[in-house]
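Notes follow the structure.
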Amino acid sequence: MSIEQLAETAQAMVAPGKGIIAIDESTATIGKRFAAVGIENSEGNRRAYRELLLTTPKLSSHISGAILYDETLRQSTQAGVPFAKYMAEQGILPGIKVDKGTTPLAGFPGELVTEGLDGLRARLEEYYRLGARFAKWRAVINIGEDIPTGTCIEANAHALARYAALCQEQGLVPMVEPEVLMDGDHDIETCYEVTEAVLRSLFAALYEQNVLLEGTILKASMVVSGKDSAEQADAQEVAESTLMCLKSTVPAILPGIVFLSGGQGDEDATAHLDAMNRLGPNPWPLSFSYGRAMQQAALTLWARDTAGNFRKAQDIVFARARDNGLAALGQWQGAD
Numbered sequence: 031m032s033i034e035q036l037a038e039t040a041q042a043m044v045a046p047g048k049g050i051i052a053i054d055e056s057t058a059t060i061g062k063r064f065a066a067v068g069i070e071n072s073e074g075n076r077r078a079y080r081e082l083l084l085t086t087p088k089l090s091s092h093i094s095g096a097i098l099y100d101e102t103l104r105q106s107t108q109a110g111v112p113f114a115k116y117m118a119e120q121g122i123l124p125g126i127k128v129d130k131g132t133t134p135l136a137g138f139p140g141e142l143v144t145e146g147l148d149g150l151r152a153r154l155e156e157y158y159r160l161g162a163r164f165a166k167w168r169a170v171i172n173i174g175e176d177i178p179t180g181t182c183i184e185a186n187a188h189a190l191a192r193y194a195a196l197c198q199e200q201g202l203v204p205m206v207e208p209e210v211l212m213d214g215d216h217d218i219e220t221c222y223e224v225t226e227a228v229l230r231s232l233f234a235a236l237y238e239q240n241v242l243l244e245g246t247i248l249k250a251s252m253v254v255s256g257k258d259s260a261e262q263a264d265a266q267e268v269a270e271s272t273l274m275c276l277k278s279t280v281p282a283i284l285p286g287i288v289f290l291s292g293g294q295g296d297e298d299a300t301a302h303l304d305a306m307n308r309l310g311p312n313p314w315p316l317s318f319s320y321g322r323a324m325q326q327a328a329l330t331l332w333a334r335d336t337a338g339n340f341r342k343a344q345d346i347v348f349a350r351a352r353d354n355g356l357a358a359l360g361q362w363q364g365a366d
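Its first residue numbered 31, the sequence shown is counted upward by one per residue in the numbering used here.
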């Protein structure tokens, strides 16, 4: 695929007023979500739930793409239409999570590195054939006493860059996600410093690996207070700090930035995105790639009556997509 085609896909992912829904939970992770609401973690239930999300009426009005798990990319709607084909027909780009999760970083207690580069070229080639047009790889950075170390940051940045280069070789737009976790009692200033160091290392690694930034999307965590911090920054401070950090580290040639919710409440994630866009214009489109913040309320309702509440749950999904689509334009009016 040419750089023009990669760039076109990347731009479509951050089209005005649209974002990405993340439904790429592993079988184990979605099992925990299902268990919390009393749903059996069976292949049939996982397929039905993903169908609920992906077939939400008018979803493409506010959703440009969806990140899928391997199992989901191979599944079909109840009518027998492969999910990737259904999505493409609705104007929603199919994406795929390709990392193999985190493992302890040897020699560095409390720190993690993401694995999955072995055999990735062949997996990406297959995913493209199955209909995927972008991919995602998540790195995890913890904040704590004397961490993160430079070694941890550099190891994860290198893996993200190698993954991104392999994606572009196979015609997939890489979404690079270096998540700085909210866990901890650190203040927003500490989060800023760590996020800045992580993003500087990431873009240096992408440059070294000849990754074309025009065909790359950044999935970023917001600069926020640690969830156990005594002082919680308000939406305006989060917006200002996040924008300042991004402007000092992210090249303007990048097609766009989508934010993860990272454990924020549904409304907090929307409010923070809206506040950032009201501070614009910015060098790049700022949108969303939310998972729990898009799904949790709908999952809870669906679980009470999977047949009777199917359509009502879809209404909630659409409402969350609409609200976040408005926030991506800086036009959200707050919760009803």
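Where is the CB? At the ideal position from N, CA and C, for every residue including glycine. The structure presented is a predicted model; accordingly, all values stated were derived computationally and were not measured.
Check: Which residue or residues does DSSP assign as beta-bridge partners of Val280?
Finding: Val280 is not bridged to any residue.
Margin query: Excluding the 5 residues flanking Ile183 on each side, which residues of the same chain have their C-beta closer than 8 Å to its C-beta?
Written below: Result list for Ile183: Ile171, Ala227, Val228 and Ser231, in chain order.
Item checked: Residue interval of the beta strand (DSSP E) (run including Gly256) -> That residue, Gly256, is in no beta strand (DSSP E); it is neither H nor E in DSSP.
Notebook entry, point to check: Below 7 Å between beta carbons: does that hold for Ile177 and Gly214?
Noted result: no
Next item on the list: Quickly, what does DSSP pair Ala96 with across the bridge? List them, please.
Entry: Ala96 pairs with Ile51 and Pro124.
Item checked: Where Tyr193 falls, given that 16 or more other Cβ within 10 Å makes a residue buried -> buried
Notebook entry, point to check: Would you report the Cα separation of Tyr222 and Cys275, rounded to the nearest angstrom?
Noted result: 7 Å
Notebook entry, point to check: Which whole-angstrom value is the C-beta distance of Ala165 and Leu202, which I expect to be below 8 Å?
Noted result: 5 Å
Next item on the list: Using three-state DSSP, classify Ala114 as helix, strand or coil.
Entry: helix
Margin query: Using the three-state DSSP reduction, which class does Ala37 fall into: helix, strand or coil?
Written below: Helix at Ala37.
Note to self: Measuring alpha carbon to alpha carbon, tell me which residue in Ala58, Thr59, Ile69 and Ile33 is nearest Thr330.
What the structure shows: Nearest neighbour of Thr330 by Cα position, chosen from Ala58, Thr59, Ile69 and Ile33, turns out to be Ile69.
Next item on the list: Look up Trp332 in the DSSP assignment and say whether it is helix, strand or coil.
Entry: helix
Next item on the list: Starting from the C-beta of Phe138, find all residues in its chain whose C-beta is less than 7 Å away, skip the five residues before and the five after it, and write them out in chain order.
Entry: Thr179, Thr181 and Cys182
Margin query: I'd like to check one pair, Tyr157 with Ile126: are the Cβ atoms closer than 7 Å?
Written below: yes
Checklist line | Thr59 classed as buried or exposed, judged by whether at least 16 other C-beta atoms fall within 10 angstroms | finding: exposed
Next item on the list: Would you please verify whether the beta carbon of Glu141 is less than 7 Å from any beta carbon of chain C?
Entry: The structure shown contains no chain C; it is built from a single protein chain.
Item checked: Segments assigned alpha helix (DSSP H), at least 4 residues, entirely inside the stretch 148-205 -> 150-159 and 180-199
Next item on the list: Measure the CB-CB distance between Ala235 and Ala187 and report whether it falls below 7 Å.
Entry: yes
Check: From Leu243 to Ile283, what does the alpha carbon distance come to, in whole angstroms?
Finding: 7 Å
Margin query: So, under 8 Å CB-CB, Lys48 and Ala358 are touching, yes? Tell me the CB distance rounded to an integer number of Å.
Written below: Indeed they touch by this definition, with Cβ atoms about 7 Å apart.
Notebook entry, point to check: Counting along the chain, where does the beta strand (DSSP E) carrying Thr86 start and finish?
Noted result: Taken as a continuous stretch (DSSP letters only), Thr86 belongs to no beta strand (DSSP E), as it is neither H nor E.
Note to self: Taking the alpha helix (DSSP H) that Ser231 belongs to, which residues open and close that run?
What the structure shows: Ile218 to Glu238
Check: From Leu82 to Gly140, what does the alpha carbon distance come to, in whole angstroms?
Finding: 38 Å
Check: DSSP three-state call for Val347: helix, strand or coil?
Finding: In the structure shown, Val347 sits in a helix (DSSP, three-state: H, G or I).
Note to self: Restricting to Cα atoms, I'd like to know which of Gly245, Gln120 and Ile218 is closest to Glu199.
What the structure shows: Gly245
Checklist line | Enclosing beta strand (DSSP E) for Leu142 [first to last residue] | finding: Leu142 to Thr144
Next item on the list: Keeping to the same chain, check which residues put their C-beta closer than 7 Å to that of Gly74; ignore five residues upstream and five downstream.
Entry: none
Notebook entry, point to check: Helix or strand or just coil, what does DSSP make of Ile247?
Noted result: strand
Next item on the list: Indicate whether the contact test is met: 3 or more Cβ pairs, each with one atom in the stretch 303-314 and one in the stretch 280-294, closer than 8 Å.
Entry: yes
Note to self: According to DSSP, is Val67 part of a helix, a strand, or is it coil?
What the structure shows: helix
Next item on the list: Would you tell me roughly how many angstroms separate the C-alpha atoms of Leu150 and Asp129, rounded to the nearest one?
Entry: 9 Å
Check: Taking Pro100 as the reference, which of Gly110, Lys88 and Ala114 has the closest Cα?
Finding: For the sequence presented, residue 100 should be read as Asp rather than Pro. Measuring from the Cα of Asp100, the nearest candidate turns out to be Ala114.
Next item on the list: Give the straight-line distance between the Cα atoms of Thr300 and Ile93, rounded to the nearest whole angstrom.
Entry: 14 Å
Next item on the list: For my contact list, Leu84 and Tyr116 are in at a C-beta cut-off of 8 Å; report their separation, rounded to the angstrom.
Entry: 7 Å
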